[in-house]
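One structure is given below, encoded as structure tokens.
Numbering (full-length UniProt numbering), first residue to last: 1 to 485.
As structure tokens, then:
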């Protein structure tokens, strides 16, 4: 973590009794003094303890969300051309007239099986000075400007690939009591408090006109800024879009609202496992599962050098070893059972960019070897994984893996330490037109939308415009791999 940051940030949800308490530990720069001008970013830092206490209303919401929605038809356009839109049948009334229906709609389609409502934090692993901000929805809902008002609507104008079609407004996943709803139906555009665009795939040359002065435009991105992620020159770089956005929601810590891929939470009690049996089943040393063969991080070169000393089996589109993406659970079980190490190597070195490659396999019966932006220590404690940044070269790492392979007691120390924690994330299935899963993606962004809702009800505090979204996006956030000459 940067030494120029004076306060860590941590967000979590405490589900107690009849209220939902969201706790934020804020991150501020050293020159900052006015709390009101800083983002309450819902970045869930590494959590030290959690609870299973669950709000009964949330349980009802989760059970309702298990039901799949009916098939949705794609919409070509409204008044403004866009992509990945869903259109409701003709004659849909305005959102104001749907307030009663929206407040009782619990149907979130294709709800993920690995969904976590939110762990309760105690402390981050690398604490600086922290401030705790408690948010009580019971008190919030009694505010005169909130009580009795229809919920505010957040509409995806261009949705991410993993966001399911939501033809009608639905409650927010983590905080269903909050007075906001989400939809992908752009016919609700004029009635929306916030409009969201997935930056990587937006194509509209100009933004639509705001339907009211307080309508918030949100720039959303979960990909690194490496060029091949944005090869089609997304439209946010067009002059008309430069100063159109009000808020940013990305993996970066300098976003207005931070959306991450996952967090690590401490288990209430260590996992009970037969480690002797686990070790006996492992017949291979290391594995990697990738779909991009040539990357800006040059991970393929790093792995090739390791493989010259310690064997690394490579699965995916860049190798003859196949593990189909639609069989995600089977692949996970195969690698977790047969291999001692999993290479979680990012495709780019970008600050704050730590993806599902890390969090997903931190839940397996193997040791994760991580390579990417060296922010891992803010996500998991030392001794629970291996960081390539701790080694002078790929060859030094390879020799260390062979040492652990021949010293099972040292290997098991890492595995046991890791199992004091568990990863927290949501799985988002990407499905075809028939509803069959093509492949799984993993994120932990639901808390971010709770924070977005809170801001929408407090606009005067968070009202601003990003002066130039392209300049903000192009900040020197990514860099060449520092471990290869």
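Glycine is no exception: its CB is placed at the ideal position from the N, C-alpha and C atoms.
Residue state for residue 272 is assigned as coil, using DSSP reduced to three classes.
The residues 285, 286, 310, 341, in chain order, have a CB closer than 7 Å to that of residue 401 in the same chain once the five nearest residues on each side in sequence are set aside. Fewer than three pairs of CB atoms, one per stretch, sit closer than 8 Å, so the segment 430-445 makes no contact with the segment 199-210. Around the C-beta of residue 246, 16 or more other C-beta atoms lie within 10 Å, and the residue is accordingly described as buried.
Counting of Cβ neighbours within 10 angstroms places residue 171 among the buried residues, the total reaching 16 or more.
Contact between the segment 416-424 and the segment 251-267 is present, with at least three C-beta pairs closer than 8 Å. Each residue's CA atom was taken as its position, placing residue 330 and residue 416 some 23 Å apart. Closest in alpha carbon position to residue 259, among 223, 144, 476, 440, is 223.
Between residue 388 and residue 369, the beta carbon gap of about 7 Å places them in contact (Cβ cut-off 8 Å).
Listed as beta-bridge partners of residue 238 by DSSP are no residues whatsoever.
Positions of the beta strand (DSSP E) runs, each at least 3 residues long and wholly inside the segment 359-417, are given as 367-371 in order along the chain. For residue 174, the number of other beta carbons within 10 angstroms of its own is at least 16, and it is reported as buried.
Around the CB of residue 239, fewer than 16 other CB atoms lie within 10 Å, so the residue is classed as exposed.
Under the DSSP assignment, residue 329 falls in the alpha helix (DSSP H) whose first and last residues are 328-338.
In the structure shown, residue 318 falls within a coil segment according to DSSP collapsed to helix, strand and coil. Residue state for residue 470 is assigned as helix, using DSSP reduced to three classes. Within the same chain, Cβ atoms closer than 6 Å to the Cβ of residue 184 are found at 86, 156, 159, 165, 166, the five residues on either side in sequence being excluded. With respect to residue 353, residue 372 sits close: the two C-beta atoms are nearer than 8 Å.
The straight-line gap separating the alpha-carbon atoms of residue 220 and residue 448 is approximately 11 Å. Taking the C-beta atoms as reference points, residue 319 is found no nearer than 8 Å to residue 365. Collapsing the DSSP output to three states places residue 455 in a helix.
Under DSSP, the beta-bridge partners assigned to residue 350 are 478. Under the DSSP assignment, residue 303 falls in the alpha helix (DSSP H) whose first and last residues are 299-307. DSSP places residue 357 in the helix class (H, G or I) of the three-state scheme.
In the structure shown, residue 290 adopts extended strand secondary structure according to DSSP, grouped into three states.
Our two residues, residue 459 and residue 453, have alpha carbons roughly 10 Å apart in a direct line.
Residue 168 is positioned such that its CB atom lies no closer than 8 Å to that of residue 305. Looking at the DSSP output, residue 168 bridges to nothing. Scanning 469, 355, 351, 419 for the CA closest to the CA of residue 382 turns up 419.
When 274, 249, 204, 275 are compared, the shortest CA-CA separation from residue 445 is found for 249. As the crow flies, the alpha-carbon of residue 321 is around 21 Å from that of residue 358. Assigned with DSSP and collapsed to three states, residue 201 falls in coil, not helix or strand. The C-beta separation of residue 283 from residue 338 comes to about 6 Å, placing the pair in contact by the 8 Å criterion. Distance check between residue 461 and each of 214, 209, 413, 313 places 214 closest, using alpha-carbon atoms only. For the beta strand (DSSP E) assignment, the uninterrupted runs of no fewer than 3 residues enclosed by the segment 131-155 are, from N- to C-terminal side, 132-136. Of the residues 376, 349, 344, the one whose Cα lies closest to the Cα of residue 361 is 344.
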